[in-house]
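FYI, in the numbering used here the residues of the sequence shown are 23 to 682.
Glycine included, C-beta positions come from ideal geometry on N, C-alpha and C.
Being a predicted model, the structure only gives us computed values, none of them experimental.
Here the structure comes first, spelled out in C-alpha cells, and everything after it is commentary.
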Amino acid sequence: MVLYTSPFPNSFLSVLHSFSWGLIFPCYWLADRLVGSFVPTTYEKRQRADDPCYFHALCIIITTPIYLALLVASLPFALIGFLLWSPLQSARRPYIYSRLKDKNHANGATLLTEWKAAGSGKSFCFGSANVCLLPDSLARFNNVFNTQARAKEIGRRIRNGASRPQIKIYIDSPTNTSISAASFSSLVSPQAGDNRTVNAGIKRTTSMEYKGDNCGSNNGEENREDKGGSGEPHEAEENTCIVRINGEENGHLSDTETDTVNGQARASCPAEPSPEGDAEISKTPNHKQKEGDSGSLDSCSASRESLVKVRVGDGTVDQSTVNNKLLYKASIMKKTSVRKKKHTDETFDHEISAFFPANLDFLCLQEVFDKRAAEKLKEQLHHYFEYIVYDVGVYSCNGCCSFKFVNSGLLFASRYPVMDAAYHCYPNGRGMDSLASKGALFLKVQVGSTPQDQRIVGYISCTHLQAIAGDTTVRCEQLDMLQDWLSEFRKSTSSSSTANPEELVAFDVLCGDLNFDNCSSEDKLEQQHSLFTHYKDPCRVGPGEDKPWAIGTLLDPEGLYDEEVCTPDNLQKVLESEEGRKGYLVYPTSKNHSSSQKGRKASLKGNGRRIDYMLYTEEGLYLEWKVEVEEFSFITQLAGLTDHLPVAMRLMVSTGEDDP
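This is the structure:
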C-alpha cells in the first residue's frame with residue numbers, strides 16, 4: 023500500500039487548493055475571532071476581575087463593528103474560494119504521512135535499535151489523548167483558548183516527557199512501603215548482569231530527567247555500541263538506570279554511595295540536548311510554567327515524589343547539596359508485592375503520573391481539528407517521533423453522506439515505520455458531530471524482524487466516536503462498523519499465511535475517545551458491546567464495573583484553571599485523593615445529583631467518567647508469543663491545556679526464549 027505524503031496527487035491541485043484556502047481564510051479567521059470575543063474562559067474572567075465592569079463591554083462595543091465590517095468585506099472572496107475549494111476535495115487524499123528525513127532532529131528515533139526477537143521479549147508503549155485543538159471560538163466552549171499556542175506547548179510537553187531517561191528503583195523494605203519513609207542509605211546500582219527483582223518489597227519504576235552537562239547524546243550512542251554483544255535487552259530500554267534502595271539506616275547517603283549513584287547516572291542516563299525551541303516560553307497566560315510544574319522539563323524544581331536527588335559532579339556531595347540541587351525529576355510507579363484481596367488478580371503496575379511514559383513508542387491523538395495547530399503540533403512531535411500521520415479525514419461531501427467542514431481530528435505519531443494506513447469515515451454522525459469527518463484510522467507498523475528475515479509487525483487503531491449524550495444507538499452502530507473495518511484492514515494488509523508466515527504479529531491495540539464510560543447507566547448498551555469480547559480493557563472488571571484504581575479521564579472544564587490543578591504535579595496530587603476527584607472530574611450522570619461537579623461530597627459510583635480507552639487483543643497474534651500489560655498510566659502532564667486526561671499503556675511481548 024502506498025502511503026500518501028501530500029494531500030493531493032499533483033502540485034497543480036495543491037497550488038489551486040492553497041489559493042482557494044487563502045481566499046477563505048480571512049473570513050474564517052474574522053468569524054472565529056468575532057465569536058470568540060463573546061465566549062470568555064474562566065481564566066479570562068478571573069484576569070478581568072479587577073478591571074472596571076464596563077471595560078470589557080467597551081472593548082466588545084469597539085471591536086465588534088470592526089470585525090463585522092471586515093467580515094462582510096471578506097465574504098465575496100470567501101465565496102469564490104469556497105467554489106474552488108469544495109470540488110477539489112474529491113481529489114484530496116485521506117491523510118498526510120510525514121517522515122522526518124533528518125534523523126538527528128528526532129531525539130527519540132535515534133535511540134531505537136531493530137528488534138530481532140532474540141531475547142525473552144520486548145515492551146512497547148502506547149499513549150492516547152484528546153487535546154481539544156478546535157478553532158479557538160469552539161474550543162472556548164470547553165473552557166480552553168489560544169489553540170495555536172496550546173498546540174505548540176502540548177507537543178513540547180509530550181516529547182519532553184517521552185524522551186526522559188527511565189530509571190528503575192528497587193526498594194528492599196518489606197515492612198515499610200511508603201514513599202516518604204524510604205531510606206536512601208544503600209542507594210547503589212546492581213552489578214553488571216544483576217537484574218534480579220526484589221520480591222520482598224515494592225518495585226518503583228521511576229522516569230527522570232537528568233540535567234547534567236556530561237551526559238549528552240554521544241554517551242547514548244556509546245552505550246548502545248557497548249550493548250551490541252550483550253544480546254537483546256528484556257525491556258528494550260536503551261536509556262534505563264537501575265538503582266537499589268535498602269531501608270535500614272535512617273535515610274542518609276554516604277559519600278561513597280553518592281559517588282556510586284553519580285557514576286551509574288553518568289554512565290546510563292543519556293539526556294538529549296533540548297532544541298532551541300525549548301527556550302521559548304508560551305505567551306499564553308494559563309500555560310506559564312510555575313515552580314514545581316513538571317509538565318515542562320526545563321524547570322529546575324523536582325516533582326514532589328522525586329526519590330533521587332543527586333547532583334552529578336566531580337566533587338563530593340553532602341546531604342544539603344542533595345536536598346537543594348534538584349537535577350532529577352521523577353514520576354513514581356508503585357507496585358506492591360503483597361496486594362489486597364481486591365487486587366489479587368492484578369499483574370501490572372498502574373499509576374497517576376505527572377509525565378508521559380519514558381520511551382513512548384506510539385501516540386494517538388484526537389480532536390486535532392485545526393490545521394494550523396496540527397502543523398505546529400507535528401513540528402514539535404517530530405523532535406521525538408520520526409513518523410507522523412496527520413490531517414486525517416475528508417472534507418466537503420467526499421465519501422460521506424453530509425457536508426464536512428473539518429477533518430476527523432485524528433493524529434498518529436510513531437518511532438517505528440508505518441507500513442500501511444487506512445481511514446474510514448462514520449456515515450451516521452448526528453448534530454454538530456456530523457460537521458466533522460469523525461472516523462477511524464488503522465495502521466500497520468514494523469517493529470523488527472526475526473533472524474529468518476520474517477517481519478515483526480503490529481496493528482494500531484485510533485478512533486473518536488459520536489460525542490452527543492444520549493446517542494447510544496449511534497455509538498453502537500459505529501462500534502459495529504469499527505469491528506468490521508478492523509477485520510478488513512487485517513485481511514487486506516496481511517502478506518502471510520498460516521503455513522508460510524512472512525510476518526509475525528506482535529500486538530493489536532485500539533485506542534481513542536469513545537465518549538461513553540463503563541459506569542453510567544445511560545451507557546449500558548456500549549458497555550455490553552461485543553467489541554469488549556475481542557479486545558481487553560485493562561481498567562475494566564466487566565460491564566458497569568471498573569477496577570478500583572481506574573479513574574475518570576474527563577475533567578470538569580470549570581475547574582481547569584484552579585490553582586489546585588493548573589500544573590501537572592498539582593493535578594496529580596488532587597486526583598490521588600477521592601475528594602479531589604469528586605471536585606475536578608466529571609462523574610457518571612445520575613438523576614439524584616445536579617450536573618455541577620464542583621465541591622460535591624455525595625457518595626458517587628466509580629472514580630469519574632473514563633471515556634478515553636486503551637484496548638488490546640490476543641486474537642490473531644503469533645501463537646508462540648504472549649502479550650501482557652506491563653504498566654498503565656493516567657497522565658496529568660497536559661494540565662491546563664485540555665479537558666481530558668491522557669492515558670498510556672505498556673505491553674510486554676514475551677517470545678518465550680531465554681536471553682542469550
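Just grab the DSSP bridge partners of residue i for me.
| i | result |
| --- | --- |
| K426 | S418 |
| A443 | L465 |
| F656 | I374 and V669 |
| T485 | A462 and G534 |
| G628 | G630 |
| V651 | L673 |
| V390 | L155 |
| G143 | S676 |
| L25 | DSSP, once it has assigned bridges, lists no residue as partnering L25. |
| E567 | G564 |
| F718 | No answer is possible for residue 718: it lies beyond the span of the chain, which begins at 23 and ends at 682. |
Tell me whether residue i counts as near the ligand NAP, meaning its Cβ is closer than 6 Å to at least one heavy atom of that ligand.
| i | result |
| --- | --- |
| A395 | Looking for the ligand NAP in the displayed structure turns up nothing, as the structure carries no ligands at all. |
Are residue i and residue j touching if we call contact CB-CB under 7 Å?
| i | j | result |
| --- | --- | --- |
| V89 | L52 | According to the sequence displayed, residue 89 carries Tyr and not Val. Yes; because the gap between Cβ atoms is below 7 Å, this pair is in contact. |
| G103 | I176 | no |
| P579 | N165 | yes |
| A444 | F511 | yes |
| L155 | E401 | no |
| D371 | F146 | no |
| L399 | A173 | yes |
| P610 | S509 | no |
| S150 | Y406 | no |
| Q69 | F378 | no |
| L637 | L465 | no |
| V587 | D634 | no |
| V479 | Y438 | no |
| L385 | A435 | yes |
| E652 | R672 | yes |
| C484 | L463 | yes |
| N450 | E499 | yes |
| F427 | L457 | yes |
According to DSSP, is residue i helix, strand or coil?
| i | result |
| --- | --- |
| H556 | helix |
| E260 | Legend: pLDDT at E260 = 49, less than 50; position of this residue unreliable, value from coordinates given subsequently. If DSSP states are grouped into helix, strand and coil, E260 belongs with coil. |
| D578 | coil |
| E123 | In the sequence under discussion, the amino acid at residue 123 is Lys, which differs from the Glu named in the question. If DSSP states are grouped into helix, strand and coil, K123 belongs with coil. |
| C588 | coil |
| W137 | strand |
| F407 | coil |
| E598 | coil |
| F30 | coil |
| G642 | coil |
| G662 | coil |
| A572 | coil |
| S456 | helix |
| S150 | strand |
| G605 | helix |
| S471 | strand |
May I ask which residues mark the beginning and end of the alpha helix (DSSP H) holding residue i?
| i | result |
| --- | --- |
| A395 | K393 to L403 |
| V57 | S33 to G58 |
| Q170 | T169 to A184 |
| A380 | That residue, A380, is in no alpha helix (DSSP H); it is neither H nor E in DSSP. |
| F99 | C75 to L110 |
| K513 | T494 to T515 |
| R68 | T64 to Q69 |
| K546 | K546 to Q549 |
Quick one: measure Cβ to Cβ for residue i and residue j, integer angstroms, because I've assumed they're closer than 8 Å.
| i | j | result |
| --- | --- | --- |
| L487 | L536 | 5 Å |
| G453 | S430 | The Cβ separation is near 16 Å, so there is no contact. |
| D568 | T639 | D568 to T639, Cβ: 19 Å. No contact. |
| V411 | A528 | V411 to A528, Cβ: 20 Å. No contact. |
| S630 | R603 | The question names Ser, but residue 630 in the sequence shown is Gly. About 6 Å; that satisfies the 8 Å criterion. |
| L25 | V496 | The pair is not a contact, with the Cβ atoms about 31 Å apart (cut-off 8 Å). |
| G473 | K138 | A small fix is needed here, since residue 473 is Pro in this sequence, not Gly. About 6 Å; that satisfies the 8 Å criterion. |
| G58 | D158 | 5 Å |
| T169 | A395 | 5 Å |
| D455 | A491 | That pair is no contact at about 12 Å. |
Can you check whether the C-beta of residue i is within less than 7 Å of a C-beta belonging to chain B?
| i | result |
| --- | --- |
| L526 | Looking at the structure shown, chain B is missing, and only one protein chain is on hand. |
Could you spell out the range, first to last residue, of the beta strand (DSSP E) harbouring residue i?
| i | result |
| --- | --- |
| D634 | D634 to Y638 |
| L433 | L433 to S436 |
| V563 | R562 to G564 |
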